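Here the protein sequences line up with chains A and B, keeping their order.
When we follow our numbering, the leftmost residue of the first sequence carries the number 14, and every step to the right adds one.
When we follow our numbering, the leftmost residue of the second sequence carries the number 80, and every step to the right adds one.
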Amino acid sequence: MSQTTPTTPTRVGPGPTTWTPGKVGESDRRPDGVPKVTGEFEYSSDMRLDGMLWGATLRSPHPHAEIRQIDTSEAEDLPGVYAVLTHEDVPGRKVYGMEIPDQPVLAWEKVRYQGEPVAIVAADHPETARRALEKVHVEYGVLDPITDAEKAVQEDAPKLHLSGNVLRRIRILHGEGVGAAAKADVVVRGEYEVGMQDQAFLGPESGLAVPDGLGGVDLYISTQWLHIDQDQVAESLGMDPDQVRLTLSGVGGAFGGREDLSMQIHACMLALETERPVKMAYNREESFFGHVHRHPAKLRYEHGATRDGNLVYVKARLVFDGGAYASSSNAVCLNAATFACGPYEVPNAEIESHMLYTNNPPCGAMRGFGAVQACFAHEAQMDKLADELGLDPLDLRIKNALKPGDRFPFGQEVPPPAPVREILERVKVMPLPEEQEVMGRDLRGLPGGVSNVTHGEGVKRGVGYAVGFKNIGFSAGFDDYSTARVRLTVEDGEPLVEVHTAAAEVGQGLLMLQAQIARTELGVEKVSILPADTRVGSAGSTSASRQSYVTGAAVKLACEGVRERLFERAREELGEPPDGLSVEAGNVVRDGRTVVPLAELLDGDELEETCEYHHRETHPLDENGQGDVHLQYAFAAHRAVVEVDVELGLVRVVEIATAQDVGKIINPQALEGQIEGGIAQGLGLALMEEIQVKEGKVLNASFTDYLIPTILDMPTVKMEVLELADPEAPYGLKGVGEPPTIASTPAIVAALRDATGLELTRIPVRPEQLAGVSDGPPLPDEPTPGGAGYAEVGRLDGRRET
Amino acid sequence: MVELNFARVRPEAVMDLTRVPELREWGTENGRLRVGAGITYTRVIRELGDRLPGLAMASRTVGSPQIRNRGTVGGNLGTASPAGDALPPLYVSDAEVELASVEGTRRVPVAEFVKAPKRTATNPEELISAFLVPEAGGPQQYAKIGPRNAMVIAVCSLGLAVHPERKEVCACIGSAGPTPIRACEAEDFIRGVIEEEGLWESRGELAEAALGRFGELVSEAARPISDVRGTAAYRTHAVGVLARRTLGWAWNEYRGGI
Chain A
14 MSQTTPTTPT RVGPGPTTWT PGKVGESDRR PDGVPKVTGE FEYSSDMRLD
64 GMLWGATLRS PHPHAEIRQI DTSEAEDLPG VYAVLTHEDV PGRKVYGMEI
114 PDQPVLAWEK VRYQGEPVAI VAADHPETAR RALEKVHVEY GVLDPITDAE
164 KAVQEDAPKL HLSGNVLRRI RILHGEGVGA AAKADVVVRG EYEVGMQDQA
214 FLGPESGLAV PDGLGGVDLY ISTQWLHIDQ DQVAESLGMD PDQVRLTLSG
264 VGGAFGGRED LSMQIHACML ALETERPVKM AYNREESFFG HVHRHPAKLR
314 YEHGATRDGN LVYVKARLVF DGGAYASSSN AVCLNAATFA CGPYEVPNAE
364 IESHMLYTNN PPCGAMRGFG AVQACFAHEA QMDKLADELG LDPLDLRIKN
414 ALKPGDRFPF GQEVPPPAPV REILERVKVM PLPEEQEVMG RDLRGLPGGV
464 SNVTHGEGVK RGVGYAVGFK NIGFSAGFDD YSTARVRLTV EDGEPLVEVH
514 TAAAEVGQGL LMLQAQIART ELGVEKVSIL PADTRVGSAG STSASRQSYV
564 TGAAVKLACE GVRERLFERA REELGEPPDG LSVEAGNVVR DGRTVVPLAE
614 LLDGDELEET CEYHHRETHP LDENGQGDVH LQYAFAAHRA VVEVDVELGL
664 VRVVEIATAQ DVGKIINPQA LEGQIEGGIA QGLGLALMEE IQVKEGKVLN
714 ASFTDYLIPT ILDMPTVKME VLELADPEAP YGLKGVGEPP TIASTPAIVA
764 ALRDATGLEL TRIPVRPEQL AGVSDGPPLP DEPTPGGAGY AEVGRLDGRR
814 ET
Chain B
80 MVELNFARVR PEAVMDLTRV PELREWGTEN GRLRVGAGIT YTRVIRELGD
130 RLPGLAMASR TVGSPQIRNR GTVGGNLGTA SPAGDALPPL YVSDAEVELA
180 SVEGTRRVPV AEFVKAPKRT ATNPEELISA FLVPEAGGPQ QYAKIGPRNA
230 MVIAVCSLGL AVHPERKEVC ACIGSAGPTP IRACEAEDFI RGVIEEEGLW
280 ESRGELAEAA LGRFGELVSE AARPISDVRG TAAYRTHAVG VLARRTLGWA
330 WNEYRGGI
């Protein structure tokens with residue numbers, strides 16, 4: 014095995030990253046790009062310290078069981094084991110959670126999902142730690158799991174939590190609701206289902222906790238929001254937050270899956286108990302049990318329209334399986350309800366959104382956050398309606414497109430810019446890819462690729478469209494803010510700006526964005542981005558596509574503060590009137606003429622500003638589901654061209670064309686990355702990505718059987734980017750991370766329907782469905798001899814038997 | 080290695096055989112190819128593509144380039160997974176597996192070597208040293224179903240070889256039964272059709288109906304189960320489609336002359 018006890022001390026955590034960034038609007042290459050490609054980048058799982066111990070987690074093999082007894086004595090006696098801890102050893106609050114603290118740090122009395130942590134150990138070698146887990150004896154009383162959200166809501170269902178099984182219910186009543194049904198000439202109904210998608214980030218959960226010798230602890234960690242981790246860890250350790258200091262280490266992707274805690278409290282508990290640094294790093298299989306997933310959903314819709322294609326009403330009932338614990342389900346439930354009708358002008362609506370507890374894996378945040386599930390359904394409905402009316406599906410969408418000044422079904426006025434019609438028209442006129450002769454094509458250009466399943470036989474082309482939208486920033490009254498500290502200093506005679514925030518760079522490009530803003534606002538070449546940590550105020554979460562907006566605004570504000578002080582100084586020392594001054598290329602200038610070099614003006618001093626940016630207040634929904642809940646809206650439309658082998662049900666996505674409004678392009682290369690990456694994740698949900706759960710147990714906790722698209726599955730992406738400035742946002746920008754994920758999925762499914770004529774109401778669409786082959790017998794309980802021999806994957810109790 | 084990685088097994092010792100040169104050689108022996116068990120998929124594609132086209136096509140579908148650089152046909156044999164990509168091409172060429180130990184060397188037909196899922200005829204003291212297989216005497220095909228277009232374990236697969244020298248067509252189903260399965264009835268049927276119509280000599284076209292029936296018979300030979308990768312019904316259907324198509328491609332190639 015490659016993991017051994019460390020012998021060489023290593024610096025913990027990253028240092029500052031200093032480079033000459035581009036300005037706002039220029040492509041800036043990632044400073045960490047080359048190290049990541051060459052394997053030299055230090056991810057959180059790569060950290061080592063002399064004398065550190067390895068932590069490991071014992072997890073429940075049962076989705077629902079009573080814990081009768083936990084016997085740790087045999088594990089404690091194992092040589093090399095330094096600590097074995099259970100719920101009894103949690104020093105502070107025994108539960109955690111971002112919205113509702115309902116999740117045990119370590120389970121007591123009951124386990125509510127397969128993989129729930131029950132005990133933790135620290136040992137001098139990861140293999141010793143693993144063996145120690147086998148010697149912790151837990152006596153379970155296995156209970157029947159509740160695995161169907163529709164059953165969890167029934168009166169006689171056992172209650173999984175004291176509060177019952179209903180986590181949240183939202184009802185939106187708009188206009189006359191379904192009372193307007195009489196005015197509709199045409200009604201279409203549909204039921205849709207979305208499977209459980211995983212964030213599938215490449216860097217598993219990992220971190221290093223180092224005791225400070227004074228009772229406190231430093232935690233080096235991959236996360237999306239340092240300060241909410243800090244608060245929760247401190248609470249469960251029974252400490253003041255300032256005794257628990259967090260530093261962001263190399264993050265290998267997030268997509269929502271790092272919003273909840275994983276091993277944070279566990280590693281700190283072990284480190285404080287053993288007074289040694291403790292590293293915890295999940296492997297791929299454990300990672301599937303170590304974070305929340307995208308909510309599976311069942312969605313029932315009814316759309317009414319006039320004969321000429323004007324929407325009259327929408328009735329929707331959305332049911333989400335929240336799994337065992339709350340995570341961010343509350344907010345997902347709200348989001349789905351508010352996006353249920355799509356970006357259309359809907360005069361009357363009745364929407365119910367239900368979020369339920371079950372014994373399935375906990376679900377929470379994932380890119381798109383409730384909008385994804387709703388979009389799959391409302392876009393399928395729009396196609397169905399267009400079909401019923403004999404209208405072009407794109408024209409029907411354009412006809413009903415939302416515009417600024419309209420009202421969303423939840424009562425908020427649509428703020429400008431809201432270019433729904435414009436982006437739809439853009440994808441309409443983008444040239445379609447040329448239809449090449451299928452016979453004799455290179456295999457890589459056919460469904461199945463080099464797997465050689467077709468040389469053109471059975472291949473049919475289809476085209477589909479969809480449009481979706483997403484709120485940017487935290488909503489519903491949350492005081493959403495970010496903090497930035499900016500310091501202007503002189504190093505080697507050259508001005509240097511240091512930017513310090515707690516904002517998590519998770520691969521999206523925030524590092525560059527902060528540096529670009531600093532360079533733009535302060536006119537210096539060299540910028541240094543300090544490691545994100547809790548020594549500066551909260552930056553809020555790297556989620557909801559909000560960091561460019563909120564942390565971007567905080568950095569800009571702090572830079573402006575520093576700049577004002579520079580100009581003040583120029584006025585005081587040089588008698589320059591402050592009006593008309595600017596900074597450029599390391600100089601204070603007026604009308605293109607250098608007034609004074611910054612280095613000279615600073616004269617060895619430093620200027621520092623720390624600013625908080627709070628975005629405009631939002632409000633919760635009232636009892637009728639009305640309120641100004643969201644801050645900013647971002648829209649993206651997609652057109653998918655697919656080729657389907659209709660006999661085998663295999664697919665090649667030929668091209669995705671997209672139009673998205675981003676307000677202002679800050680970094681063209683990073684934007685392209687977000688759009689293409691988001692589409693890849695949307696393609697995955699359309700065609701292959703699903704955590705299969707049976708009786709509460711995960712069947713495919715590995716990248717062998719949880720498939721994500723490869724580069725050979727990803728098509729060419731044609732993109733048109735609109736820059737319609739949002740007057741409230743810094744530089745007019747809009748968040749860009751999530752919109753590409755939302756409508757790409759329904760666009761692909763619409764194209765599949767176009768190619769096959771099938772209804773396709775469930776995603777991911779499986780080859781069986783596309784080939785029209787009935788399901789056959791249900792999944793057997795026995796290990797699967799038809800598999801590759803890893804049938805035990807996902808059976809955590811299987812470890813005991815080897 | 081996968082099981083080690085998943086902590087499912089903890090063997091007492093692991094031995095690295097990559098530096099045993101004999102295992103990494105191939106050559107001819109009495110008119111057959113003898114291929115060392117340590118030959119990687121990458122080398123099969125690069126060095127044996129003309130002699131063993133079916134095996135090379137199967138090798139191309141294995142994992143990623145990194146895995147093909149490291150993984151071997153010998154490993155595929157030792158794992159004896161019904162989804163092993165190298166197995167159907169070996170079955171349709173009636174390959175033999177060479178097992179070596181201090182007691183000596185023995186050779187076992189591949190269909191007898193693979194006994195059950197993950198079970199082989201290897202004795203504990205034996206090493207899979209090589210496989211023996213005739214050079215292709217006619218067109219060969221390998222096709223594999225996976226829900227994505229690369230790096231996927233077979234939902235099901237099909238290996239096919241046209242043997243003009245012995246006037247036979249062989250087909251083997253992968254990943255739709257406890258072991259790879261030769262579709263004997265389909266083979267007998269198509270041999271009859273070809274003989275009856277004198278197609279070996281005339282190199283005439285195979286009728287659509289004959290291809291269709293061949294596919295049906297291959298479907299009937301499958302013994303799949305439903306699991307996370309696919310349903311039994313789909314596997315049964317898909318191997319039939321693959322059989323019909325691959326026979327069509329191979330026969331067309333035969334008609335084009337060798």
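Beta carbons are placed, not taken as given, at the ideal position from N, Cα and C, and that holds for glycine.
Owing to the predicted nature of the structure, the values given are computational and were not obtained by experimental measurement.
Between which two residues does the alpha helix (DSSP H) containing Val159/A stretch? As a first step, residue 159/A must be located in the first sequence, where it is residue number 146. Note that residue 159/A corresponds to Ile in the displayed sequence, not to Val. Careful: Ile159/A lies outside any alpha helix (DSSP H) and carries neither H nor E.
I'd like to know if the segment 322 to 338 of chain A and the segment 301 to 311 of chain A are in contact, where contact means that at least 3 CB-CB pairs between them fall below 8 Å. yes
Is the segment 603 to 613 of chain A close to the segment 705 to 720 of chain A, with three or more CB pairs under 8 Å? no
Would you please verify whether the beta carbon of Pro27/A is less than 8 Å from any beta carbon of chain B? In the first sequence, counting from the first residue as 1, residue 27/A sits at position 14. False, the Cβ-Cβ gap to chain B never drops below 8 Å.
Across which residues does DSSP place Trp67/A in a beta bridge pair? Position 54 of the first sequence, counting from 1, holds the residue named residue 67/A. Answer by DSSP bridge pairing, in chain order: Ala136/A and Lys292/A.
Please name the residue, chosen from Gly686/A, Gly506/A and Leu663/A, that lies closest to Val786/A on a Cα-to-Cα basis. Looking up residue 786/A in the first sequence gives position 773. Among Gly686/A, Gly506/A and Leu663/A, the Cα nearest to that of Val786/A belongs to Leu663/A.
Residue environment, Leu587/A, which counts as buried when at least 16 other CB atoms sit within 10 Å: As a working note, residue 587/A is residue 574 in the first sequence. Leu587/A is exposed by the Cβ-count criterion.
Can you tell me whether Val141/B is helix, strand or coil according to DSSP? As a first step, residue 141/B is located in the second sequence; it is residue number 62 there, counting from the start. In this structure, Val141/B counts as coil in the three-state DSSP scheme.
I need the boundaries of the beta strand (DSSP E) containing Ser219/A, first residue and last residue. In the first sequence, counting from the first residue as 1, residue 219/A sits at position 206. Unbroken beta strand (DSSP E) run through Ser219/A: Ser219 to Pro224.
Name the DSSP beta bridge partners of Leu620/A, please? Taking the first sequence and counting its residues from 1, the one referred to as residue 620/A is at position 607. Leu501/A.
Which stretch, first to last residue, makes up the alpha helix (DSSP H) that contains His316/B? Residue 316/B sits at position 237 when you count from the first residue of the second sequence. From DSSP, the alpha helix (DSSP H) with His316/B extends over Ala311 to Arg334.
Bridge partners for Tyr478/A per DSSP, in chain order? In the first sequence, the residue the question calls residue 478/A occupies position 465. Per DSSP, Arg652/A.
Cβ neighbour criterion (16 or more within 10 Å) applied to Ser366/A: Numbered from 1 along the first sequence, position 353 holds the residue referred to as residue 366/A. The residue is buried, with at least 16 neighbouring Cβ atoms inside 10 Å.
Residues sharing a beta bridge with Thr119/B, DSSP: The count along the second sequence starts at 1 and reaches residue 119/B at position 40. Looking at the DSSP assignment, Thr119/B forms a beta bridge with Thr151/B.
Of all the CB atoms in chain A, is at least one closer than 8 Å to the CB of His242/B? Along the second sequence, one-based indexing puts residue 242/B at 163. Taking Cβ atoms only, chain A never reaches closer than 8 Å to His242/B, which makes this a no.
Counting along the chain, where does the beta strand (DSSP E) carrying Met732/A start and finish? As a position in the first sequence, residue 732/A is number 719, starting the count at 1. Run containing Met732/A: Thr729 to Leu735, per the beta strand (DSSP E) assignment.
Out of curiosity, what's the CA-to-CA distance linking Thr30/A and Thr85/A? Residue mapping note: residue 30/A aligns to position 17 of the first sequence, counting from 1. Residue mapping note: residue 85/A aligns to position 72 of the first sequence, counting from 1. For Thr30/A and Thr85/A, the distance between alpha carbons rounds to 45 Å.
Kindly list, in the order they appear in chain A, the residues whose Cβ is closer than 7 Å to that of Met136/B. Locating residue 136/B in the second sequence gives position 57, counting from the first residue. The answer, in chain order, is Asn465.
Using the three-state DSSP reduction, which class does Tyr314/A fall into: helix, strand or coil? Looking up residue 314/A in the first sequence gives position 301. Strand at Tyr314/A.
What in chain A is Cβ-close to Trp328/B, meaning under 7 Å? By 1-based counting over the second sequence, the position of residue 328/B is 249. Within chain A, the residues near Trp328/B are His468.
Can Tyr221/B and Pro780/A be called in contact, C-beta distance under 8 Å? As a working note, residue 221/B is residue 142 in the second sequence. As a working note, residue 780/A is residue 767 in the first sequence. The answer is no: Cβ separation not under 8 Å.
Would you verify that the beta carbon of Ala784/A is, or is not, closer than 8 Å to some beta carbon of chain B? Here residue 784/A refers to the residue found at position 771 of the first sequence. For Ala784/A, the answer is yes, since a Cβ of chain B falls inside 8 Å of its Cβ.
Taking 8 Å as the threshold (beta carbon to beta carbon), is Ala85/B in contact with chain A? Against the second sequence, residue 85/B aligns to sequence position 6. For the record, residue 85/B in the displayed sequence is Phe; it is not Ala. Chain A, which has a Cβ nearer than 8 Å to the Cβ of Phe85/B, makes this yes.
CB contact check: Gly153/B to chain A, cutoff 8 Å: As a position in the second sequence, residue 153/B is number 74, starting the count at 1. No, because no Cβ of chain A sits closer than 8 Å to the Cβ of Gly153/B.
Check whether the Cβ atoms of Ala179/B and Phe210/B sit closer than 8 Å, and answer yes or no. Mapped onto the second sequence, residue 179/B falls at position 100. Mapped onto the second sequence, residue 210/B falls at position 131. No.
I want to verify the contact list: residues of chain B whose CB lies under 9 Å from the CB of Leu712/A, in sequence order. Counting from one through the first sequence, the residue named residue 712/A turns up at place 699. Ordered by position in chain B, the residues that pass the 9 Å Cβ test against Leu712/A are Asp306 and Val307.
Own chain partners of Thr815/A with C-beta closer than 7 Å, once the 5 adjacent residues on each side are dropped: Residue numbering aside, residue 815/A sits at position 802 when the first sequence is read from its first letter. Unreliable placement is indicated for Thr815/A, whose pLDDT of 31 sits below 50; the coordinate value is still reported in the next sentence. So no residue of the chain qualifies.
Interface residues of chain B facing Gly461/A [CB-CB closer than 9 Å]: Taking the first residue of the first sequence as position 1, residue 461/A is located at position 448. Within chain B, the residues near Gly461/A are Ala222, Lys223, Ile224, Gly225 and Asn228.
Ala145/A to Ala88/A span [Cα, whole Å]: Against the first sequence, residue 145/A aligns to sequence position 132. Against the first sequence, residue 88/A aligns to sequence position 75. Rounded to the nearest angstrom, the two C-alpha atoms are 5 Å apart.
Under 8 Å, with one C-beta from each stretch per pair, do the segment 489 to 497 of chain A and the segment 758 to 776 of chain A reach the 3-pair mark? no
What residues in the segment 381 to 411 of chain A bring their beta carbon closer than 9 Å to a beta carbon of chain B? none
If you run the structure through DSSP and keep just helix, strand and coil, what is Tyr233/A? The residue labelled residue 233/A in the question sits at position 220 within the first sequence. Of the three classes helix, strand and coil, the one that applies to Tyr233/A here is strand, per DSSP.
Give me the Cβ distance between Thr201/B and Val193/B, rounded to the nearest whole Å; I'm assuming they're in contact under 8 Å. Here residue 201/B corresponds to residue number 122 of the second sequence, with the count starting at 1. Here residue 193/B corresponds to residue number 114 of the second sequence, with the count starting at 1. Going by Cβ atoms, the distance from Thr201/B to Val193/B rounds to 10 Å, so no, they are not a contact pair.
Under 9 Å Cβ-Cβ, which residues of chain B neighbour Arg779/A? Looking up residue 779/A in the first sequence gives position 766. What Arg779/A touches in chain B: Pro226, Gly309, Thr310 and Tyr313.
Give the DSSP-derived three-state secondary structure of Ala229/B in the structure shown. Against the second sequence, residue 229/B aligns to sequence position 150. Correct three-state label for Ala229/B: coil.
Interface residues of chain A facing Thr140/B [CB-CB closer than 7 Å]: Numbered from its first residue, the second sequence carries residue 140/B at position 61. The answer, in chain order, is Val463 and Ser464.
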